[in-house]
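*Asks:*
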DNA sequence: TTGTACGCGTTATCAC
DNA sequence: GTGATAACGCGTACAA
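Protein chains in written order, with my numbering: chain A, 2 to 343; chain B, 2 to 343.
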C-alpha cells in the first residue's frame, strides 16, 4: 500500500504537537523551543516528510511564472545554444519575474507526449518551440490550453508565430557569393531531408542552392552533392568522399558551420589548402566561425531568440503587436573563401 | 486599487453561473451547453482571468519535481554548455519525472538574491550550482531550506559536495606534456585571478603550471605569461602582445580551449606556423577542440554534469552513497603541439 | 510557547 | 446541464 506522501499533519501527529508547530519548524521561526524542534525534526526524518511546494505557494499567494523552452535533446544542433542564449538575455530584462524551464525531447513521440503534458498541467505561462513543428492537433491542443506559444525556426506560411531567418534567402546569398567569386564547380554538403525533425531547413537550403545555380545558368553536378546526418564525423566522411573524386569542386557550400569545418578538415587531410585550393562557406555564424575564420552566413541566432521571447511575453500580456523582424541572412566573408584563379 | 487577480469565483459571479461550470469550461468538458460556455468565456475575457496553476496542481495532487541549475549568465564560459548537456543526459534517464529550471545570474549580488529566493520558495527539489561558490551563510541557508545541492566545479576541501576535475593535476599533465616534448620556453595564457566568479580555477591552474616548471628545474619567465578576462578577443590581444616579443616562447599553455584558439589565430596572423613554430595546448576538450585539431586537456565535462546530477538525485532520495568519481584530467594530443626541434 | 480553525483557488462528487 | 460543497496541504491569525 504505497499511500500518499506524508503531510505536516502526519508529522504533527507523530511528534505529538500541532500542525502550526511543525510549520514553524519548517520555516525556522524562532518561537519554538529546541526540545520540540528536535521532536519535530525526528518525526520528519522518520516519515521522510518533504513539504509540498504547491500547497506552500497557494497560501503564499505567489503565482508561478514559468516560461518553457522545448527543443531536441540539448545541443544536437549547435545553433541551439546561441538561440537559447538570446532567450536568456531577453528574459533577464524582466528582472527574474519569469523562470526558464527547459524541456528536451528525444523523438517525435516524446515530443508529442511532452506537449500533451504541458497543455494538461499548464505549469508554464508561455512556450518557446525551438526547431520543432506543430501539427494541426498539437496546435489546437496548445490553443485550448490557453498557453501562448511562439516558434524559433524557419517555418514560413504557418498560422502560428514563428520567428526565424529565411533559409532560401540565406542559401541564395551564400551560393551567389561563391558564383561572384568566379566559382562554377560548386559542391553542396548538408543534411538528408528525411533524417531530422527539422527536415524543412535542409530541404529549403538545398533547393535554393539549386535554384541559384540555375538562375546563373550553371549546370548542376549531382556528383558534387553529399547528404548525411547532422554530425561532424559523418560530414567528415562525406567530405573525404566528395573531395577524393578525380574532378573536384572548387568551392563548397555547407549547410552548417559544423559541416563546413568538417569539410575543411577533410580537405587539409588530403593536402588541399583552404581557400587556395578550395573555398568553403558555412551557415549559422556560430561563435566558432569567428574563432576559426570561417566564411559563413549570419542568421542572427541570438537575436532570433531575443525577438522570439519578447514576442511571447507580449502575447502573454495579450498584446498582439507586430513583432520585431529579424534582419535578412548575410554573408560574413572571412578566410575560407576566395576568388577563383582564372 | 490593484487588487488580487480574479479567481474562477469572480468569473462565476459575473457570468451568473456556478464555479463548477467555469471549471468545466476551462477544462473543456463536453457537459456544458454552447450558450453558457459563451457566457463564461465572455466573463473570462472581460476580467482578464488566467487560471492559477498552483491551485490546480494542489487539487490534482501532483507534486512539483523540479531540479534547478544555477550558473552565470549563460555560456560566458563555453564549458558550461558541455556540462549542462551532461546534466540533461542524466536527467533523461529519469523519464521526465523532473523538470529542469535554469537560473542565470549576472553578478555576485544577483547570485545571492537568487539563492535566497530559491531557499525561500522551495520550488525545486534539488539544486546544481555550476562554477559558483557558496559562502558559509549561503550554505546554511540552503541547508535550512532542506534543498539538497551539489556543485559542478573544481573546488576542493569544501564541506559540501562538489564534483569536478582537479585543476592542479590537469595543469600539471599539460605542462609536463610540453616539457616532455622538449620545450623549455613555455608561455601561459589565462584568466586574471580577480576578474571572474570562478577565480579559483585560474589560480589553481597557473600555480600548478608554475610548480611543474619548478619541479623540472625550468626557470619561470614572467615575460611569457599573460592574464586577462575570459574572452576570445582579449586573449587575441594578449597573444599578439606575447608573441611579438623579440624572444618568444616555443610553446604555450592556455587555460581554456577558447584562449588557445585565440592564441593560434594570433600566431597565424604573424605568419607563425602551429605547431612548427609554436606548440599550443588548451584546456577543456570542448567539441570545438576536436573540430579544430587542438591538443588539450580533457576534463570530462559532460560526464561531470552527469555524475553531479546523479549525486544530487541520490541525495534527494536520502542516499548518501559515495558518488562516482570523475577520471583524472588527461592530455588529448592532436595537431597543435609537437616535439621541439633540437 | 503551542494548538485550533480558517483561507488560498481549483477540481471532484454529489444532488438537483 | 448545472450548482453547492468538500477536499487538496500548508500558513497564519487568533485563542489558549
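Ideal placement from N, C-alpha and C gives every residue a C-beta, glycine not left out.
1) Would you mind sorting residue 215(B) into buried or exposed? The rule is 16 or more other CB atoms within 10 Å of its CB.
2) Who are residue 252(B)'s beta bridge partners in DSSP?
3) I need the straight-line Cα distance from residue 194(B) to residue 243(B), nearest angstrom please.
4) How far does the beta strand (DSSP E) with residue 139(A) in it extend, from its first residue to its last?
5) Can you find a CB in chain A that lies within less than 9 Å of the CB of residue 305(B)?
6) Once the 5 residues before and after residue 328(A) are set aside, which same chain residues still bring their CB inside 7 Å of it?
7) Taking the continuous alpha helix (DSSP H) assigned at residue 17(A), which residues delimit it?
8) Where residue 33(B) and residue 24(B) are concerned, what is the direct C-alpha to C-alpha distance, given to the nearest angstrom?
9) Between residue 92(B) and residue 130(B), which are expected to be in contact by the criterion C-beta below 8 Å, what is the C-beta distance as a whole number of angstroms?
10) Looking at the unbroken beta strand (DSSP E) that takes in residue 64(B), where does it start and where does it end?
11) If you draw a straight line from the C-alpha of residue 292(A) to the C-alpha of residue 262(B), how long is it?
12) In or out: residue 107(B) buried (at least 16 other Cβ within 10 Å) or exposed?
13) Who pairs with residue 344(A) in a beta bridge, going by DSSP?
14) Give the interface partners of residue 62(A) over in chain B, defined as CB-CB distance under 8 Å, in chain order.
15) Considering Cα atoms alone, identify which of 140(A), 303(A), 320(A) and 341(A) is closest to residue 84(A).
16) If you measure from the beta carbon of residue 289(A) to each beta carbon in chain B, is any gap under 9 Å?
17) Within a Cβ cutoff of 6 Å, which residues of the same chain sit near residue 155(A), ignoring the five residues on either side of it in sequence?
18) Can the beta-carbon of residue 54(B) be found less than 9 Å from the beta-carbon of residue 122(A)?
19) Quick one: is residue 300(B) near chain A, going by C-beta distance under 9 Å?
20) May I ask you to list the residues that DSSP assigns as paired with residue 227(A)?
21) Can you tell me whether residue 310(A) is buried or exposed, with buried defined as 16 or more other CB within 10 angstroms of its CB?
22) I'd like to confirm the pairing. Which residues does DSSP put opposite residue 130(B) in its beta bridges?
23) Return the residue from the list 334(A), 307(A) and 239(A) that minimises the CA-CA distance to residue 94(A).
24) Tell me, to the nearest whole angstrom, how far the beta carbon of residue 340(B) is from that of residue 182(B); I am working on the premise that it is less than 8 Å.
25) Is it buried or exposed for residue 29(A), if we count other Cβ within 10 angstroms and need 16 for buried?
26) Could you check how far apart the C-beta atoms of residue 259(B) and residue 79(B) are, in whole angstroms? I think they sit under 8 Å.
27) Could you check whether the stretch 247 to 256 of chain B touches the stretch 274 to 286 of chain B, counting it as contact only if at least three pairs of C-beta atoms, one from each stretch, sit closer than 8 Å?
28) Going along the chain, which residues of its own chain have a beta-carbon closer than 6 Å to the beta-carbon of residue 276(A), five neighbours each way excluded?
29) Give the single residue among 153(A), 249(A) and 205(A) whose Cα lies nearest to the Cα of residue 88(A).
30) Looking at C-alpha atoms only, which residue of 104(A), 146(A), 135(A) and 158(A) is the closest neighbour of residue 97(B)?
31) Taking beta-carbon pairs under 8 Å, can you tell me which members of the stretch 218 to 235 of chain B lie near chain A?
32) Buried or exposed for residue 133(B), going by 16 or more other Cβ atoms inside 10 Å?
33) Cβ closer than 8 Å: which chain B residues qualify as neighbours of residue 241(A)?
34) What does the alpha-carbon distance come out to for the pair residue 170(A) and residue 99(B)?
35) Run the CB neighbour count on residue 274(B), radius 10 Å, all protein chains shown included, and call it buried at 16 or more, exposed below.
36) DSSP three-state label for residue 179(B), please.
*Replies:* The answer reads as follows:
1) Exposed: under 16 other Cβ atoms inside 10 Å.
2) Bridge partners of residue 252(B): 187(B) and 280(B).
3) Each residue's Cα considered, the two are about 19 Å apart.
4) Unbroken run through residue 139(A) is the alpha helix (DSSP H), 137 to 146; no beta strand (DSSP E).
5) No, no contact with chain A.
6) Within the same chain, Cβ atoms closer than 7 Å to the Cβ of residue 328(A) are found at 301, the five residues on either side in sequence being excluded.
7) Following the DSSP letters along the chain, one finds residue 17(A) in no alpha helix (DSSP H), marked with neither H nor E.
8) Their backbone Cα atoms lie some 11 Å apart in a straight line.
9) Actually they are not in contact, since the Cβ atoms of residue 92(B) and residue 130(B) sit about 16 Å apart, beyond 8 Å.
10) In the DSSP assignment, residue 64(B) falls outside any beta strand (DSSP E), carrying neither H nor E.
11) Distance between the alpha carbons of residue 292(A) and residue 262(B): 7 Å.
12) By the C-beta density criterion, residue 107(B) is exposed, having fewer than 16 other C-beta atoms within 10 angstroms.
13) Given that chain A is displayed from residue 2 to residue 343, the structure contains no residue 344(A) and the question cannot be resolved.
14) Here the neighbours are 5.
15) Selection 140(A), 303(A), 320(A) and 341(A) evaluated against residue 84(A) yields 303(A) as nearest (Cα-Cα).
16) For residue 289(A), at least one C-beta of chain B is nearer than 9 Å to its own C-beta.
17) The residues are 165, 168 and 202.
18) Going by C-beta atoms, residue 54(B) is nearer than 9 Å to residue 122(A).
19) Under the 9 Å criterion on CB atoms, residue 300(B) is classed as non-interfacial with respect to chain A.
20) BP columns for residue 227(A) point to 190(A).
21) Buried, by the Cβ-count rule.
22) 71(B) and 152(B), per the DSSP bridge assignment.
23) The option with the nearest alpha carbon to residue 94(A) is 307(A).
24) Rounded to the nearest angstrom, the Cβ distance from residue 340(B) to residue 182(B) is 5 Å, consistent with a contact under 8 Å.
25) Residue 29(A) comes out exposed.
26) Between residue 259(B) and residue 79(B) the beta-carbon gap is near 6 Å, inside 8 Å, which marks them as a contact.
27) When C-beta atoms of the stretch 247 to 256 of chain B are compared with those of the stretch 274 to 286 of chain B, three or more pairs fall below 8 Å, so the two segments count as touching.
28) The answer, listed in chain order, is 337, 338 and 339.
29) When the alpha-carbon of residue 88(A) is set against those of 153(A), 249(A) and 205(A), the nearest one is in 153(A).
30) The option with the nearest alpha carbon to residue 97(B) is 104(A).
31) So the close ones are 233.
32) Taking all protein chains in view, the Cβ of residue 133(B) is crowded by 16 or more other Cβ atoms within 10 Å, so the residue is classified as buried.
33) What residue 241(A) touches in chain B: nothing, since even the nearest Cβ is about 15 Å away.
34) The alpha-carbon atoms of residue 170(A) and residue 99(B) are separated by roughly 40 Å.
35) Exposed: under 16 other Cβ atoms inside 10 Å.
36) Residue 179(B) carries a helical assignment under DSSP once its states are collapsed to helix, strand and coil.
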